[in-house]
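J.: Line by line, the protein sequences are chains B and L. If you're matching positions, the first sequence starts at 88 in the numbering used here and goes up one per residue. If you're matching positions, the second sequence starts at 88 in the numbering used here and goes up one per residue. Even glycine gets a Cβ: it sits at the ideal position worked out from N, Cα and C. This one's a predicted model, so the numbers in the text were calculated from it and none came from an experiment.
Number of protein chains: 2
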Amino acid sequence: MKLNQQGLLIVLSGPSGVGKATVRKALFEMDDHNFTYSISMTTRKPREGEVDGVDYYFVSEEEFESRIKQGRFLEFARFVGNYYGTPMDEVEKMIANGDEVVLEIEVEGAMQVKAKMPDAVLIFIAPPTFNALKTRLLRRGTEPEEIIMERLSKAHRELTLAAGYDYIVINDDVENAADRIKAIIRAEHARCRRSLKGYLQLLEENENE
Amino acid sequence: MKLNQQGLLIVLSGPSGVGKATVRKALFEMDDHNFTYSISMTTRKPREGEVDGVDYYFVSEEEFESRIKQGRFLEFARFVGNYYGTPMDEVEKMIANGDEVVLEIEVEGAMQVKAKMPDAVLIFIAPPTFNALKTRLLRRGTEPEEIIMERLSKAHRELTLAAGYDYIVINDDVENAADRIKAIIRAEHARCRRSLKGYLQLLEENENE
Numbered sequence: 088m089k090l091n092q093q094g095l096l097i098v099l100s101g102p103s104g105v106g107k108a109t110v111r112k113a114l115f116e117m118d119d120h121n122f123t124y125s126i127s128m129t130t131r132k133p134r135e136g137e138v139d140g141v142d143y144y145f146v147s148e149e150e151f152e153s154r155i156k157q158g159r160f161l162e163f164a165r166f167v168g169n170y171y172g173t174p175m176d177e178v179e180k181m182i183a184n185g186d187e188v189v190l191e192i193e194v195e196g197a198m199q200v201k202a203k204m205p206d207a208v209l210i211f212i213a214p215p216t217f218n219a220l221k222t223r224l225l226r227r228g229t230e231p232e233e234i235i236m237e238r239l240s241k242a243h244r245e246l247t248l249a250a251g252y253d254y255i256v257i258n259d260d261v262e263n264a265a266d267r268i269k270a271i272i273r274a275e276h277a278r279c280r281r282s283l284k285g286y287l288q289l290l291e292e293n294e295n296e
Numbered sequence: 088m089k090l091n092q093q094g095l096l097i098v099l100s101g102p103s104g105v106g107k108a109t110v111r112k113a114l115f116e117m118d119d120h121n122f123t124y125s126i127s128m129t130t131r132k133p134r135e136g137e138v139d140g141v142d143y144y145f146v147s148e149e150e151f152e153s154r155i156k157q158g159r160f161l162e163f164a165r166f167v168g169n170y171y172g173t174p175m176d177e178v179e180k181m182i183a184n185g186d187e188v189v190l191e192i193e194v195e196g197a198m199q200v201k202a203k204m205p206d207a208v209l210i211f212i213a214p215p216t217f218n219a220l221k222t223r224l225l226r227r228g229t230e231p232e233e234i235i236m237e238r239l240s241k242a243h244r245e246l247t248l249a250a251g252y253d254y255i256v257i258n259d260d261v262e263n264a265a266d267r268i269k270a271i272i273r274a275e276h277a278r279c280r281r282s283l284k285g286y287l288q289l290l291e292e293n294e295n296e
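#1: Rounding to the nearest angstrom, what Cα-Cα distance links L/F166 and L/T129 in this structure?
#2: Pull the bridge partners of B/M117 from the DSSP assignment, please.
#3: Compare the Cα-Cα distances from L/I192 to each of L/A202, L/L209, L/A183, L/D186 and report the closest residue.
#4: Using a Cβ cut-off of 8 Å, which residues of the segment 160-188 of chain L contact any Cβ in chain B, in chain order?
#5: Return yes when the Cβ of B/D206 is within less than 8 Å of the Cβ of L/R297, no when it is not.
#6: CA-CA distance, B/T216 and B/T247?
#7: If you reduce the DSSP assignment to three classes, tell me which class L/N297 lands in.
#8: Spell out a yes or no on whether the segment 286-293 of chain B and the segment 221-241 of chain B are touching, meaning 3 or more CB-CB pairs, one atom from each, closer than 8 Å.
#9: I want to know whether the segment 112-124 of chain B touches the segment 90-108 of chain L - three or more CB-CB distances under 8 Å.
#10: According to DSSP, is L/D266 part of a helix, a strand, or is it coil?
#11: Is there contact here, the segment 232-245 of chain B with the segment 254-269 of chain L, by at least three beta-carbon pairs under 8 Å?
#12: Give a yes or no on whether 8 Å exceeds the smallest Cβ distance from B/D119 to chain L.
#13: Please classify L/R154: is it buried, with 16 or more other beta-carbons within 10 angstroms of its beta-carbon, or exposed?
#14: In terms of residue numbering, what span does the alpha helix (DSSP H) encompassing L/A213 cover?
#15: Looking at chain B, is there any beta carbon in it that lies within less than 8 Å of the beta carbon of L/F217?
#16: Which term fits B/V188, buried or exposed, when burial requires 16 or more other beta carbons within 10 angstroms of its beta carbon?
#17: According to DSSP, L/V188 sits in a beta bridge with which residue or residues?
#18: Straight-line CA distance for L/S125 to L/Q199?
#19: Should B/N293 be flagged as near chain L, meaning a C-beta pair shorter than 8 Å?
#20: Tell me the DSSP secondary structure of B/M128 in three-state form.
#21: Can you list, in chain order, the residues of its chain with a C-beta nearer than 8 Å to that of L/G140? Leave out the 5 residues immediately preceding and following it.
#22: L/T222: which of L/I235, L/I212, L/F211 sits nearest, CA to CA?
#23: With B/E137 and B/Y144 assumed to form a contact (beta carbons below 8 Å), what rounded beta-carbon distance in angstroms separates them?
#24: Give, in chain order, every residue of the segment 188-213 of chain B whose Cβ lies closer than 9 Å to some Cβ of chain L.
#25: What does a CB cutoff of less than 7 Å around B/F160 pick up in its chain, not counting 5 residues either side in sequence?
#26: For B/R278, which residues in chain L fall below 7 Å Cβ to Cβ?
#27: Starting from B/E177, trace the alpha helix (DSSP H) in both directions and tell me its first and last residue.
#28: Closer than 6 Å by C-beta to B/H301: which residues in its own chain qualify, once you throw out the five before and the five after it? Chain order, please.
#29: Mind checking L/E162: buried by the 16 CB within 10 Å criterion, or exposed?
#30: Cβ closer than 7 Å: which chain L residues qualify as neighbours of B/L283?
#31: Given a cut-off of 8 Å on the beta-carbon distance, is the pair L/L96 and L/I182 in contact?
#32: May I have the straight-line CA-CA distance separating B/N218 from B/F211, to the nearest angstrom?
#33: Please confirm whether B/L290 has its beta-carbon closer than 8 Å to some beta-carbon of chain L.
#34: Give the interface partners of B/A270 over in chain L, defined as CB-CB distance under 7 Å, in chain order.
#35: For a contact defined as C-beta to C-beta under 7 Å, what are the partners of L/R267 on chain B?
#36: Could you name the residues that DSSP lists as bridge partners for B/Y143?
Put into structure tokens, the structure is as follows:
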């Protein structure tokens, strides 16, 4: 019996290298939920093969900044001269439609989302140890060591932000982590503040039959 | 990886006839949690075969009232001339020991628990329809119809109290309801306010190795 007809906004976040994308992928492979992405908006130029409205919404800097002023982003950031953001109206539409919207974003972005949409479920994906994080970043082999050390020290700072999250899930094992997130989603749907209204409506409908 | 070494205090409550005891039993039969009861204290005389410290703690009215004054009950009530209550110190000891303590109590009692121990997890077990509740109460066959009608009207009033709970779980199917409660318990252990401290300790221990 589904009491909460709305979907949830689930924010997966955590330090770089913790395996957010892998956990999100494992979650999407569980077929008993209707998970969905939201498409980001950016001012960077499309790369070859990238399609507007599929990979990103590609907009001009002017358009992006006008949307910032109108408060139409759940979160946004500037990287290497380009804006990236999550459009709010789209996420709201999907939630109303009953979809579980999963955002996989950086820690600063997650705090912006909580401020804009306090009903969002913030999950901090945490490394089992700092060494595990270091090993993962080194294994990627894509960055020089000083960048990795910088990321680790950033991760240290980000852990102090974990207190602002609703849940902490350790990525000791991807399947385990995804399974724990599934339990969190189930529990959140059962929260009185989400489901009581639907329950009282249900009772009323049954009484009128 | 267990971050929260403490157990939870889980309060199962809801209108009379909703099947609280059946759901609690199904929950205890799941073998992957260390669920435990707390033994109630009462001023009623032991019945034949009842053992002090097993079925109840049997105490005098004087002793019970002195404990009320000392604020040593999580909740208590007076039924047919006798006191019944849940001793606080025992529950606190079990939680510290890592046990999940399940209380199956009336709605008024649940509100007392929340006031005394805000960290408790309050779950409102709700009937799928009012007719389902009526049918259950009639099927019991133990009470005259006017008592049943009185209980139903009390249940109506109690539903308005459900808003003070953390979760609402519909007992449409006992296994389903127990399974949802299990997800709630898992999620509650992952809550930052319960597990962040344990996580930071874990990181520190690993760094010192």
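T.: In brief:
#1: On the second sequence, residue 166 of chain L is found 79 positions in, with the first residue counted as 1. On the second sequence, residue 129 of chain L is found 42 positions in, with the first residue counted as 1. Straight-line Cα distance between these residues: approximately 10 Å.
#2: As a working note, residue 117 of chain B is residue 30 in the first sequence. None; B/M117 has no bridge partner.
#3: Along the second sequence, read from residue 1 onward, the residue named residue 192 of chain L stands at position 105. Per the Cα distances, L/L209.
#4: none
#5: Lying before the first or after the last residue shown, residue 297 of chain L is absent from chain L, which here runs from 88 to 296.
#6: Here residue 216 of chain B corresponds to residue number 129 of the first sequence, with the count starting at 1. Here residue 247 of chain B corresponds to residue number 160 of the first sequence, with the count starting at 1. In a straight line, the C-alpha of B/T216 is about 15 Å away from that of B/T247.
#7: This structure cannot settle anything about residue 297 of chain L, because the visible part of chain L is limited to 88 through 296.
#8: no
#9: no
#10: If you number the second sequence from 1, residue 266 of chain L lands on position 179. Three-state result, L/D266: helix.
#11: no
#12: Numbered from its first residue, the first sequence carries residue 119 of chain B at position 32. False, the Cβ-Cβ gap to chain L never drops below 8 Å.
#13: Position 67 of the second sequence holds residue 154 of chain L. Classification for L/R154: buried.
#14: As a first step, residue 213 of chain L is located in the second sequence; it is residue number 126 there, counting from the start. Taken as a continuous stretch (DSSP letters only), L/A213 belongs to no alpha helix (DSSP H), being part of the beta strand (DSSP E) at 208-213.
#15: As a first step, residue 217 of chain L must be located in the second sequence, where it is residue number 130. Output row for L/F217: interface = yes.
#16: On the first sequence, position 101 is the one that residue 188 of chain B refers to. Its Cβ being crowded by 16 or more others within 10 Å, B/V188 is buried.
#17: Indexing the second sequence from 1 puts residue 188 of chain L at position 101. DSSP output for L/V188 lists L/L96, L/T123 as bridge partner(s).
#18: Translated into positions along the second sequence, residue 125 of chain L becomes position 38. Translated into positions along the second sequence, residue 199 of chain L becomes position 112. Taking the straight line from one Cα to the other gives about 16 Å.
#19: Here the question's residue 293 of chain B lines up with position 206 in the first sequence. Yes, because at least one Cβ of chain L sits closer than 8 Å to the Cβ of B/N293.
#20: By 1-based counting over the first sequence, the position of residue 128 of chain B is 41. Here B/M128 sits in strand by DSSP.
#21: Within the second sequence, numbered from 1, the residue matching residue 140 of chain L stands at position 53. The residues are I126.
#22: As a working mapping, residue 222 of chain L is identified with position 135 in the second sequence. Of the listed residues, the one whose Cα sits closest to L/T222 is L/I235.
#23: Within the first sequence, numbered from 1, the residue matching residue 137 of chain B stands at position 50. Within the first sequence, numbered from 1, the residue matching residue 144 of chain B stands at position 57. 11 Å between Cβ atoms; not a contact.
#24: L209, I210, F211, A213
#25: Along the first sequence, one-based indexing puts residue 160 of chain B at 73. Only R154, G172, T173, P174, M175 meet the Cβ criterion.
#26: Indexing the first sequence from 1 puts residue 278 of chain B at position 191. Correct list: D253, Y254.
#27: On the first sequence, position 90 is the one that residue 177 of chain B refers to. Counting along the chain, the alpha helix (DSSP H) containing B/E177 begins and ends at 175-183.
#28: Residue numbering for chain B in the displayed model covers 88 to 296; residue 301 of chain B lies beyond these limits and cannot be assessed.
#29: Here residue 162 of chain L is taken as the residue at index 75 of the second sequence, counted from 1. Its Cβ being crowded by 16 or more others within 10 Å, L/E162 is buried.
#30: Mapped onto the first sequence, residue 283 of chain B falls at position 196. The answer, in chain order, is A249, A250, I255.
#31: Here residue 96 of chain L refers to the residue found at position 9 when the second sequence is read from its first residue. Here residue 182 of chain L refers to the residue found at position 95 when the second sequence is read from its first residue. It is a contact, given that the beta carbons lie within the stated cut-off.
#32: On the first sequence, residue 218 of chain B is found 131 positions in, with the first residue counted as 1. On the first sequence, residue 211 of chain B is found 124 positions in, with the first residue counted as 1. Approximately 18 Å, taken between the alpha carbons.
#33: The residue you call residue 290 of chain B lines up with position 203 of the first sequence. At least one chain L Cβ lies under 8 Å of B/L290.
#34: Here residue 270 of chain B corresponds to residue number 183 of the first sequence, with the count starting at 1. Within 7 Å Cβ-Cβ: A270, R273, A274.
#35: Taking the second sequence and counting its residues from 1, the one referred to as residue 267 of chain L is at position 180. Within chain B, the residues near L/R267 are R273, A277.
#36: One-based indexing of the first sequence puts residue 143 of chain B at position 56. Its beta-bridge partners are B/D139.
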